[in-house]
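Residue numbers (this note's numbering): 3 to 305.
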Amino acid sequence: MYQHILLLKQNTGVFMAKSGNISIIGGDLRLVHLANKLSDSLNVLVFGNKHKDLLPSIHKTNNLDVAIDCSNTIIFPIPFSKNKNDIYAPFANEDVFLEDVYKKDFSDKTIVGGAFTKEFKGFIEKNQGVLVELMEDDAFEVYNSIPTAEGVIELLMQGSEITIYGSKSLILGFGKCGITQGDLLKAMGSSVTIGARNKSQLALANIKGLNTLNIEEIELNDYIGEFDFIINTVPAGLVKNIDFTHINRAQIVVDIANQLDNQIINKTKIINARGIPGKYSPKSAAEIIYKTLTDKNIIRNVK
3 MYQHILLLKQ
13 NTGVFMAKSG
23 NISIIGGDLR
33 LVHLANKLSD
43 SLNVLVFGNK
53 HKDLLPSIHK
63 TNNLDVAIDC
73 SNTIIFPIPF
83 SKNKNDIYAP
93 FANEDVFLED
103 VYKKDFSDKT
113 IVGGAFTKEF
123 KGFIEKNQGV
133 LVELMEDDAF
143 EVYNSIPTAE
153 GVIELLMQGS
163 EITIYGSKSL
173 ILGFGKCGIT
183 QGDLLKAMGS
193 SVTIGARNKS
203 QLALANIKGL
213 NTLNIEEIEL
223 NDYIGEFDFI
233 INTVPAGLVK
243 NIDFTHINRA
253 QIVVDIANQL
263 DNQIINKTKI
273 INARGIPGKY
283 SPKSAAEIIY
293 KTLTDKNIIR
303 NVK
């Protein structure tokens, strides 16, 4: 570790001059903006991200060992991985394979990101690292649902020949993302129906003036043809509950919860939208991550 730090000091002349070191591995534009903001007070080391908007003060490395060894706090992307083989790193020159990450020592390190795979969680626990799963933080999920919902609206407007106003929308799931999505679509004049199993979620939807379908008591495929827009917010829910032969080409289906394969996507007008805040509101999404890191005292405790 100390050899890596010494090398960085020699190459940059400024490393270790600030209050602590934090590493960012992979990630989309959210982590570019986050890196820039963190660099105001911390030494930021980036691996697997060559985006042109990274500030000159940020230290970029092609060595995964350096990125991990030089920092006690390491931020991974959201989503963590889209295929369970490599880290989500759209701006990397080459793939960042998970098998390489599993060879590293994360003992006594704080690992931030999400949604982490079950295997990675077990690996960090075995290594005696501290895992901060952002997608299991209630406040983060509430704030993050806003750029998610706005991004979905943009996708619907881009892909459809009709207005949101006067449309009929079906939202599968009524958790934090579903609630924000339902509120936004209703405010724009869409007739919104919530499809869920949880009776308290269905009750909340009714109180908000939304239509409801208890998908545990009905055959969902008998109803999906009635809607212009179908938005899935439930992991595995879309694939499990919808027969794609029931969807016509005029309907738009957006899935924000699953990584669907190309065969499924090609069967209908379906949009795979995991990680949507990083595409449509990356700066705001980065602010949300930063606020969460601040609220959890992670930034204050960086060494």
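Don't be surprised by glycine CBs; every beta carbon is placed ideally from N, CA and C. As the structure is a computational prediction, the values presented were derived from the model and not from experiment.
Check: Taking contact to mean at least 3 C-beta pairs separated by less than 8 Å, is the region 277-284 in contact with the region 22-35?; Outcome: yes
Check: At what residues does the alpha helix (DSSP H) containing residue 197 begin and finish?; Outcome: Note, residue 197: premise wrong, no alpha helix (DSSP H); beta strand (DSSP E) at 193-198.
Check: Going by DSSP, what residues sit across from residue 131 in a beta bridge?; Outcome: Per DSSP, none; premise fails for residue 131.
Check: Which partner residues of residue 99 appear in the DSSP bridge assignment?; Outcome: 88
Check: Mind checking who residue 231 pairs with in its DSSP beta bridge?; Outcome: 171, 254
Check: Hey, how far is the Cα of residue 28 from the Cα of residue 232?; Outcome: 31 Å
Check: Taking the Cβ atom as the reference point for each residue, do residue 30 and residue 277 lie within a distance shorter than 8 Å?; Outcome: yes
Check: Would you kindly work out how many angstroms separate the C-alpha atoms of residue 251 and residue 53, rounded to a whole number?; Outcome: 36 Å
Check: Buried or exposed for residue 296, please, with buried defined as at least 16 other CB atoms from any protein chain shown within 10 angstroms of its CB.; Outcome: exposed
Check: What three-state label does DSSP hand residue 15 in the structure shown?; Outcome: Note that residue 15 scores a pLDDT of 45, beneath 50, so its modelled location is shaky; the value from the coordinates is reported in the next line. Three-state result, residue 15: coil.
Check: According to DSSP, residue 62 sits in a beta bridge with which residue or residues?; Outcome: 48
Check: Evaluate the contact criterion for the region 162-173 versus the region 142-150: three or more CB pairs, one atom per stretch, below 8 Å.; Outcome: no
Check: Quick check on DSSP: helix, strand or coil for residue 215?; Outcome: strand
Check: Of the choices 191, 198, 93, whose alpha-carbon is the least far from that of residue 51?; Outcome: 93
Check: What does the alpha-carbon distance come out to for the pair residue 119 and residue 96?; Outcome: 21 Å
Check: Is the region 165-179 close to the region 288-305, with three or more CB pairs under 8 Å?; Outcome: no
Check: Run through DSSP, which three-state label would residue 38 get?; Outcome: helix
Check: Would residue 272 be called buried (16 or more neighbouring beta carbons within 10 Å of its own) or exposed?; Outcome: buried
Check: Look at the alpha carbon of residue 98 and the alpha carbon of residue 88, and state the distance between them as a whole number of angstroms.; Outcome: 5 Å
Check: In this structure, does DSSP put residue 114 in helix, strand or coil?; Outcome: strand
Check: Quick check on the DSSP output: the beta strand (DSSP E) that includes residue 75 runs from which residue to which?; Outcome: 75-77
Check: Closest to residue 106 by CA distance: which of 64, 85, 129, 121 is it?; Outcome: 129
Check: Helix, strand or coil: which one does DSSP assign to residue 208?; Outcome: helix
Check: Pull the bridge partners of residue 25 from the DSSP assignment, please.; Outcome: 47, 76
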